[in-house]
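Residue numbers (my numbering): 410 to 628.
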């Protein structure tokens, strides 16, 4: 029989990710993670002070998976790439949605991520206040989109047209809603996921306009 791998902080965090992926954040406890890693819960306390530190580590784990801006990227490309990466990570690990910005003791990956995003915007000429606004609105858009995407009411294998037909809405009662659904969804090609890039462009266009206005005022 092969020896069990040594218990480490990284193994504990990976086990916590597995537990959270399977049962949500509410399923994560020192006991459940101990079972996942094949150790008594008390053994985990040699590596983590308790559940709150474990949650800090989970938030850090999630941030470490989101792609950082590269120094050679224009700010708009960097923000688009980061937003797409964040969406992918959060869709794959929905438990992270309520965790990313909730920690009073953020880890190094989380802090480095924030610093890199702010640095990218500042290097592009964003004043501090506008950089803060940009970061906030981009994250609000990504987090909100993923939350909606995860909770769409379609059944497995059901497309948007089938869902709309099942609602059987009367045009005389909901004329604008029926008009939009007819134009957007009919034909079976509509996919809500396609809205992400369009909405992100709206946000980035607005930020670009604000940045240009700031430059004109400063100039």
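Built from N, CA and C at the ideal position, the CB exists for glycine as well. Remember, predicted model here, so these are calculated numbers, not experimental data.
Distance CB(residue 443)-CB(residue 452) smaller than 9 Å: As a first step, residue 443 must be located in the chain shown, where it is residue number 34. As a first step, residue 452 must be located in the chain shown, where it is residue number 43. Yes; because the gap between Cβ atoms is below 9 Å, this pair is in contact.
Residue closest to residue 446, alpha-carbon to alpha-carbon, out of 436, 430, 600, 423: In the chain shown, residue 446 corresponds to position 37, counting from 1. Taking only the C-alpha atoms, the option nearest residue 446 is 423.
Contact under 9 Å by Cβ, residue 613 with residue 488: In the chain shown, counting from the first residue as 1, residue 613 sits at position 204. In the chain shown, counting from the first residue as 1, residue 488 sits at position 79. In contact: residue 613 and residue 488 (Cβ atoms closer than 9 Å).
Delimiting residues of the alpha helix (DSSP H) encompassing residue 593: Here residue 593 corresponds to residue number 184 of the chain shown, with the count starting at 1. Unbroken alpha helix (DSSP H) run through residue 593: 584-594.
Inside the segment 528-608 only - beta strand (DSSP E) runs reaching at least 3 residues: none
Residue 556 to residue 537 span [Cα, whole Å]: Numbered from 1 along the chain shown, position 147 holds the residue referred to as residue 556. Numbered from 1 along the chain shown, position 128 holds the residue referred to as residue 537. Going by the C-alpha atoms only, they are around 28 Å apart.
C-beta contact flag for residue 546 and residue 477 at 9 Å: As a working mapping, residue 546 is identified with position 137 in the chain shown. As a working mapping, residue 477 is identified with position 68 in the chain shown. The answer is no: Cβ separation not under 9 Å.
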